[in-house]
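See structure below.
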Amino acid sequence: MALNGEFTPPGDKSISHRLVLMSLLAEGEMAVSGLSDCDDVKVSLSLFRALGGRAQGGGSRWTLGGLGGLLSVPQWEAVELDCGNSGTTMRLLSGVLAGIPGKYILDGDQQLRRRPMERLADPLRQMGARLDTNNGRAPLTIEGGPLHGLEYVNSDASAQLKGALLLAALQASGPSKIIEPRPTRDHTERLINLFGGQVCTNNAPQNTALEIQPGRLTLAPELAVPGDPSSAAFFLIGAAMMPGSWVTAANMLLSSARIGFLKVLDRMGANISISLTGELPEPNGRVTVEYNGPLMATELGAED
6 MALNGEFTPP
16 GDKSISHRLV
26 LMSLLAEGEM
36 AVSGLSDCDD
46 VKVSLSLFRA
56 LGGRAQGGGS
66 RWTLGGLGGL
76 LSVPQWEAVE
86 LDCGNSGTTM
96 RLLSGVLAGI
106 PGKYILDGDQ
116 QLRRRPMERL
126 ADPLRQMGAR
136 LDTNNGRAPL
146 TIEGGPLHGL
156 EYVNSDASAQ
166 LKGALLLAAL
176 QASGPSKIIE
186 PRPTRDHTER
196 LINLFGGQVC
206 TNNAPQNTAL
216 EIQPGRLTLA
226 PELAVPGDPS
236 SAAFFLIGAA
246 MMPGSWVTAA
256 NMLLSSARIG
266 FLKVLDRMGA
276 NISISLTGEL
286 PEPNGRVTVE
296 YNGPLMATEL
306 GAED
């Protein structure tokens with residue numbers, strides 16, 4: 006049986022998280038279409054509201070009202086925030102709250118409590134944050150306050166860690182620099198620049214350096230989230246495997262850090278065509294994969 010047809014993947018989860026949580030620091034109002042409705046993003050939306058953010062809508066269409074860093078939380082007691090199973094929520098939100106006065110306790114389910122958090126806590130402490138972990142894991146206790154810039158090497162190649170530091174750096178008293186020996190997905194810095202922030206990327210043979218200036222963000226009036234490549238991958242790869250198949254994913258995110266599977270499929274002999282249809286908030290377009298005979302074996306290395 007062949008796979009034939011066209012579909013639009015659900016909105017990209019990584020971009021959706023960042024749009025919601027960055028709105029805590031940004032001013033203005035933004036109409037968002039294509040927001041992911043997965044459970045993890047619902048957690049970010051719930052905590053955005055719990056901290057005073059205004060989110061109206063449902064499904065994939067929402068209007069977000071930015072808070073500009075002025076959270077609606079009591080200053081005399083700890084605010085408990087349940088991140089569920091979402092490590093992205095916990096890490097990015099830690100970067101936001103590190104610079105905002107108040108006491109916050111970020112916790113989650115048993116699975117999230119097993120994930121390492123000290124590699125996030127340490128650089129935030131270097132910026133002046135008051136942050137405690139439970140033996141290197143959640144729950145995290147954050148007392149937000151003044152931050153200063155730092156220079157940090159992201160040796161773990163973690164996009165979530167980099168994103169948290171970028172959001173904290175926006176609130177610092179001076180510039181920061183993040184050095185990446187290996188590139189990671191760049192959703193956070195793209196959105197910061199789109200919303201009026203300043204992140205300069207300098208590529209060198211041995212690493213990539215990001216220089217971040219403190220500053221305010223202003224939400225775009227409207228934004229459409231491209232389709233999630235991770236969701237599209239199953240159907241596109243299926244078409245490459247099954248005789249007589251062709252599948253098109255429309256409005257799919259084409260970030261070079263997210264479509265490595267297409268590069269591997271190409272090496273294996275699949276017939277792939279890509280057409281760019283948009284540039285904001287990141288490159289996006291149509292991807293068609295068509296069966297082209299049995300796939301050839303390949304080898305995956307660290308760069309893949």
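Heads up, the final residue of the sequence shown is numbered 309 in my numbering, and it's a clean run with no missing numbers.
Ideal placement from N, C-alpha and C gives every residue a C-beta, glycine not left out.
Strictly by DSSP, which residues pair up with residue i?
| i | result |
| --- | --- |
| residue 109 | 84, 147 |
| residue 8 | Paired residues: none, contrary to the question. |
| residue 278 | 293 |
| residue 32 | 223 |
Helix or strand or just coil, what does DSSP make of residue i?
| i | result |
| --- | --- |
| residue 95 | helix |
| residue 242 | helix |
| residue 66 | strand |
| residue 284 | coil |
| residue 137 | strand |
| residue 38 | strand |
| residue 19 | helix |
| residue 122 | coil |
| residue 27 | helix |
| residue 252 | strand |
So, under 8 Å CB-CB, residue i and residue j are touching, yes? Tell me the CB distance rounded to an integer number of Å.
| i | j | result |
| --- | --- | --- |
| residue 189 | residue 163 | 7 Å |
| residue 143 | residue 118 | 5 Å |
| residue 227 | residue 36 | 4 Å |
| residue 151 | residue 133 | 6 Å |
| residue 105 | residue 85 | Contact doesn't hold; Cβ gap of about 16 Å is too wide. |
| residue 233 | residue 258 | 7 Å |
| residue 147 | residue 103 | 6 Å |
| residue 70 | residue 59 | 4 Å |
| residue 31 | residue 222 | 4 Å |
Tell me which residue opens and which closes the beta strand (DSSP E) that residue i is part of.
| i | result |
| --- | --- |
| residue 269 | Counting along the chain, residue 269 falls outside any beta strand (DSSP E), though it belongs to the alpha helix (DSSP H) covering 265-272. |
| residue 61 | 59-63 |
| residue 215 | 213-218 |
| residue 291 | 289-295 |
| residue 227 | 227-229 |
Can you tell me whether residue i sits near the ligand MN, meaning its C-beta is under 8 Å from at least one heavy atom of the ligand?
| i | result |
| --- | --- |
| residue 137 | The ligand MN is absent from the structure shown, which contains no ligand whatsoever. |
If I follow the unbroken alpha helix (DSSP H) through residue i, where does it start and stop?
| i | result |
| --- | --- |
| residue 50 | 44-55 |
Query raised in the report: If you scan the region 143-207 from start to end, which runs of the beta strand (DSSP E) of 3 or more residues do you find wholly inside it?
Result: 156-158, 181-185
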